[in-house]
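*Asks:*
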Amino acid sequence: MKQNTQSIKHIANKIKELREECDWSQSRLAKEAGITASAISMIESGQRAPSLVVIRKISDALKVSVSELTGEASQEEASQNAQAFFRQFGALKDLDETDQQMILELARRLREKGNVKGGN
784 MKQNTQSIKH IANKIKELRE ECDWSQSRLA KEAGITASAI SMIESGQRAP
834 SLVVIRKISD ALKVSVSELT GEASQEEASQ NAQAFFRQFG ALKDLDETDQ
884 QMILELARRL REKGNVKGGN
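Numbers given in our numbering equal positions in the sequence shown, counted from 1, plus 783.
1) What would DSSP say about A855, mapped onto helix, strand or coil?
2) Could you check the C-alpha separation between P833 and S842 for me, to the nearest Å?
3) From G829 to D879, what does the alpha carbon distance come to, in whole angstroms?
4) Does any CB atom of chain E fall closer than 8 Å to the CB of R839?
5) Note down the Cα distance separating T788 from T881, rounded to an integer number of angstroms.
6) On a CA-only basis, which of V836, D806, L801 and E804 is nearest I818? Give me that one, please.
7) Can you grab the Cα-Cα spacing for the pair S824 / R894, in whole Å?
8) DSSP on S824, reduced to helix/strand/coil?
9) Using three-state DSSP, classify I818 as helix, strand or coil.
Rendered as structure tokens:
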């Protein structure tokens with residue numbers, strides 16, 4: 784039961800985080816997902832566990848995979864993301880020193896904020 788509660792809490796937090804990244808209100812997410820704003824509110828507050836159908840609707844609206852929303856991203860997805868990151872990182876060498884420092888500072892701030900896996 785504790786694992787289930789933690790999973791629901793993770794999904795609730797992830798939905799809120801992604802919704803805020805889109806700069807959407809709960810009402811906007813509800814409209815995009817085709818569900819009620821009260822359902823979004825209850826899910827985000829942990830008062831209601833979303834069904835798989837609702838999770839799919841929300842993930843589609845937020846343009847993320849269900850596995851990203853539920854925290855069950857596969858190792859393959861993680862590996863692909865890491866490879867894409869390092870390809871982009873390699874392109875940084877062509878930037879001037881100021882731009883490189885700006886990007887490194889942004890990465891440092893994201894890590895401090897906890898937006899990096901394992902940073903919580």
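Just so it is clear, CB atoms sit at the ideal spot from N, CA and C, and this is done for glycine as well.
*Replies:* Taking the structure as given:
1) Looking at the sequence shown, residue 855 is not Ala but Glu. Correct three-state label for E855: coil.
2) 12 Å
3) 46 Å
4) Among the protein chains of the structure shown there is no chain E, as only one such chain exists.
5) 46 Å
6) V836
7) 28 Å
8) helix
9) coil
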